[in-house]
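Reading through the structure tokens given below for one structure.
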Amino acid sequence: MFFWFSYVPIAAMSLYRVVRNRNLFVEKLAFAEKNVKRVRSDAAIIFQITTRSATKTHVVRRGIQSIIDSAKKTEYRNFHISIVTDDPDDIRTLEGVNCEVVVVNKNFKTNAIRKGRALQYAVEHRRRIGMNTSKHWIFHMDDESYVTTQTIVALLKSIESGKEVASEGPIFYPLKFEAANRLTAIAESIRPFACYDCVSQMTNPPPLHMHGSNLLIRSDIEDTIEWKFGPTLAEDQMFGYKVYEKYGPGSMGWHGGMLLEQPPLNIKDHFFQRRRWVLGTLQNLQNFPRWHRYKLMYKSVTYFLGFASAVASTAIMLYSSIPTLIPTLLNYNTIGYYDFMSLPDKLPSIFFNSIFDAVTKGSMLELSASTILLFTSIVWLGSYQLGLFLNLKYSKIEWRKRVMFHLQTLLVCPIIGLVETFPAFWAMIEYNLKKKDPAQKTKVYDFYVVNK
């Protein structure tokens, strides 16, 4: 029972934050036609795409073009595109493209690893050429990130307000939606829903987590904080806390500019992406103060228990349903083809009969517990429906297919629950086993590169 009730506080808080942050979530004024063709702004934005290789990751070009097109539509000219890459071939690949290619020197030394190392190199590169000033802003993007006119207008609006030096916006995942594995595409629905919580994290810091993309940071602030956080897989989480620690709660905010991205294309990519998030959080725990650490531990344990509760729920469902279904399955020759094929129609009645019995025959305690668990179930199912709606809203998928995706999401949610929480379950076990190994003084984990 503890498994299921552990989600109650999160469900209640999630619903509260959706209601509270609904007007801040996406900067709606940035959609207005009069604001799209805006006056020229003096704010200088460096759109930085950090990649392992633009040559091997073709969606980087798509991101570059989205910046150029959106800037043209908004008549914004004071921008610069910087591609920070580990691949020297990108200089030739992006020749003639309106961007700067910064190749991370293979001999560059820092305690950061993988993406953090590239981010640190970019900071030092800008320092050398005099671009780490209060007049320059860095907008961080991933390989597949796609900028819209709304993004640019929202960024400029945030900069002109002068309220914060670091801010974020929502990320939606409509790109390559139909090309991705159906389960991973649907599983990505939880992320826009969770982004309502990101609004609260950024406007009431310190944030428990922070996106590495759709991050707008003043260049001199990034120069001061840097990315030297050691071998962590969640350098963005550490960066967010360090900004809060040095500059206080008023330094962070929510710009509301949306960024479009894509879901993991297969189950393997989905697993390793989620695993990296959890491992990175566990690596960072020791660097946070006690209260912040406790909140992160609760969140991580909830993910762990999410998988346990999903397994337990599936087992109980099978235990309660199989005795009803087995006689039908075993007596196929007796009952005939028609009765057998009508079995799916009988499943809802079996389900609702169970609910009716629980309501009419259960004690007050059982009824109260069931009501609370029903609430968490509705929030859980609704979170995927709302997230999917937001992802598809910015896609080119026709409405009939959208309706079908919503129905499919409702049907496969139990499976999605297992797919979404198993990486966290695995990562926590992996982390604790590795932590107990005395042979490994420095715990370095592999950084799996997701296919784009």
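Okay, so the sequence shown: first residue is 6 according to this note's numbering, each after it adds one.
Where a beta carbon is used, it is the ideal one built from N, C-alpha and C, also for glycine.
The structure presented is a predicted model; accordingly, all values stated were derived computationally and were not measured.
Asked                                                                                                                                                                              : Found
Given a cut-off of 9 angstroms on the beta-carbon distance, is the pair residue 234 and residue 117 in contact?                                                                    : yes
Leaving out the 5 sequence neighbours to the left and right, which residues in its chain are closer than 8 angstroms to residue 137 when beta-carbon positions are compared?       : 128, 131, 224, 225, 227 and 228
What are the complete alpha helix (DSSP H) segments, minimum 4 residues, inside the region 83 to 114?                                                                              : 95 to 98
Near residue 286, what residues of its chain come up, given a Cβ to Cβ distance below 7 angstroms and the 5 sequence neighbours on each side ignored?                              : 239, 242, 301 and 305
According to DSSP, residue 152 sits in a beta bridge with which residue or residues?                                                                                               : 264
Report yes if the C-beta distance between residue 99 and residue 57 is below 9 angstroms; otherwise report no.                                                                     : no
Just the C-alpha distance for residue 291 and residue 284, rounded to the nearest angstrom, thanks.                                                                                : 13 angstroms
Cα separation between residue 417 and residue 214?                                                                                                                                 : 28 angstroms
For residue 217, is the classification buried or exposed, using 16 other Cβ atoms within 10 angstroms of its Cβ as the cut-off for buried?                                         : buried
In the DSSP assignment, what residue or residues form a beta bridge with residue 171?                                                                                              : 222 and 257
Quick one: measure Cβ to Cβ for residue 462 and residue 173, integer angstroms, because I've assumed they're closer than 8 angstroms.                                              : Since the first and last residues shown for the chain are 6 and 457, residue 462 lies out of range.
Which residues in the same chain as residue 105 place their Cβ atom closer than 6 angstroms to its Cβ, once the five residues preceding and following it in sequence are excluded? : 87
Taking residue 212 as the reference, give the member of 433, 108, 293 and 425 with the closest Cα.                                                                                 : 293
Three-state secondary structure (DSSP) at residue 145?                                                                                                                             : strand
Under 8 angstroms Cβ to Cβ from residue 338, same chain only, skipping five residues before and after it: list those, please.                                                      : Unreliable placement is indicated for residue 338, whose pLDDT of 48 sits below 50; no coordinate value is reported for it.
From the DSSP secondary-structure annotation, give me the bridge partner or partners of residue 53.                                                                                : 87 and 145
Are the C-beta atoms of residue 115 and some chain B residue less than 9 angstroms apart?                                                                                          : Chain labels in this structure do not include chain B; a single protein chain is all it has.
Bridge partners for residue 164 per DSSP, in chain order?                                                                                                                          : Residue 164 is not bridged to any residue.
Please state if the CB of residue 48 and the CB of residue 164 are separated by a distance shorter than 9 angstroms.                                                               : yes
Looking only at its chain, what residues have a beta carbon closer than 6 angstroms to the beta carbon of residue 311, apart from the 5 residues adjacent to it on each side?      : 426
Quick check on residue 430: does DSSP put it in helix, strand or coil?                                                                                                             : helix
Mapping DSSP to helix, strand and coil, what is residue 437?                                                                                                                       : helix
Among residues of its own chain, excluding the 5 on either side of residue 230, which ones have a beta-carbon nearer than 8 angstroms to its beta-carbon?                          : 244, 247, 248 and 251
Give me the Cα-Cα distance between residue 95 and residue 101, rounded to the nearest whole angstrom.                                                                              : 11 angstroms
Indicate whether residue 210 and residue 179 have their beta-carbon atoms separated by less than 9 angstroms.                                                                      : no
Going by other Cβ atoms of all chains shown within 10 Å of its Cβ, with 16 needed for buried, is residue 33 buried or exposed?                                                     : exposed
Just the Cα atoms here: how many angstroms apart are residue 399 and residue 22?                                                                                                   : 22 angstroms
So for residue 177, helix, strand or coil by DSSP?                                                                                                                                 : strand
Just verifying my parser: in three-state terms, what is the DSSP assignment at residue 232?                                                                                        : coil
Provide the residue span of the alpha helix (DSSP H) that contains residue 289, from first to last.                                                                                : 272 to 289
Please report the distance separating the alpha-carbon of residue 340 from that of residue 320.                                                                                    : Confidence in residue 340 is poor, its pLDDT being 46 and thus under 50, which makes the residue's placement too unreliable to answer from.
Take residue 93 and list the residues in its own chain whose beta-carbon comes closer than 6 angstroms to its own, dropping the five residues that flank it on each side.          : 108
Using the beta-carbon count (16 or more within 10 Å), is residue 121 buried or exposed?                                                                                            : buried
Helix or strand or just coil, what does DSSP make of residue 197?                                                                                                                  : helix
Pick from 423, 401 and 383: whose alpha carbon is nearest that of residue 317?                                                                                                     : 423
Buried or exposed: where does residue 142 fall if 16 or more other Cβ atoms within 10 Å of its Cβ makes it buried?                                                                 : buried
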